[in-house]
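A.B. asks:
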Amino acid sequence: MRTITFILFLMMPAGCSVFNPYNGDFTCPKTFNGRCVSPKQAYRESVESTPGKEEEAIRPLKNLEKDFNMRGSVSETTYQNALFEKLTSLLKEPTTPMIAPPQIVRVLILPYEGEGAKLFMPRYVYVIIDEPKWVLGNKDLLNDIKSGRTEHLPAK
């Protein structure tokens, strides 16, 4: 009995691969519009940053080589510089409106009995505490519009 249990125990890890219903080989579907390469080749190309004929290379950040630390990862200053570049480009574009979301509170009303022995079940009520606010933009202009002073604004 011990030998049978031991043999079954040794065969159990190999049993999962026998019942695998999927094909282990990599094949591309016929409707694929990109390149058909193996997963190893795709990984190798992504690591080496060698774009294909029709693809565009990903451009690294400015001064990336000198911002690597000893462990080989990008330093915090590189991340902050990229973030600041993105924010300054947003600030320079006048067509990018940004609104801070409103602050909304969800209140649970517990079940209670009303007039005429009516039972009101528990429900949620949503209350707006702060209205949405513009984050980017000319604050003086927005305040003038809210107050109704529009004489210095251009006519439509």
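Under UniProt numbering, the sequence shown has 10 at position 10, and the numbering climbs by one with no breaks.
Even for Gly, the Cβ is constructed at its ideal location relative to N, Cα and C.
1. Using 9 Å as the threshold, is the C-beta distance between Pro-102 and Pro-122 below it?
2. Using C-beta distances below 7 Å, list every residue in its chain close to Glu-113, excluding the 5 sequence neighbours before and after it, in chain order.
3. Is the beta carbon of Tyr-124 sitting closer than 9 Å to the one on Arg-106?
4. Taking the beta strand (DSSP E) that Arg-35 belongs to, which residues open and close that run?
5. Between the C-alpha atoms of Trp-134 and Ile-128, what's the straight-line distance to the nearest angstrom?
6. Can you tell me which of the three DSSP states Glu-115 falls into?
7. Mapping the DSSP letters down to three states, classify Asn-135 as helix, strand or coil.
8. What is the DSSP secondary structure of Leu-91, reduced to helix, strand or coil?
9. Return helix, strand or coil for Leu-10, following the three-state DSSP convention.
10. Would you say Ile-104 and Tyr-126 are within 9 Å of each other, going by their C-beta atoms?
11. For Leu-108, collect the residues of the same chain with a Cβ closer than 7 Å to its Cβ; drop the 5 residues on either side in sequence, then sort them by chain order.
12. Could you give the distance in angstroms between the alpha-carbon of Lys-92 and the alpha-carbon of Arg-35?
13. Spatial neighbours of Thr-3 within its chain, please: C-beta separation below 7 Å, excluding the five flanking residues on both sides.
14. Taking 8 Å as the cut-off, is the CB of Met-1 close to at least one heavy atom of the ligand HEM?
15. Give the range of the alpha helix (DSSP H) segment to which Ser-46 is assigned.
C.D. replies: By the coordinates alone:
1. no
2. Leu-119
3. yes
4. Run containing Arg-35: none; DSSP gives neither H nor E here.
5. 16 Å
6. helix
7. In the sequence as displayed, the identity of residue 135 is Val instead of Asn. The answer is coil: DSSP assigns Val-135 none of H, G, I, E or B.
8. helix
9. helix
10. yes
11. Pro-122 and Tyr-124
12. 38 Å
13. none
14. Absence of the ligand HEM is noted for the structure shown, with no ligands found whatsoever.
15. 39–48
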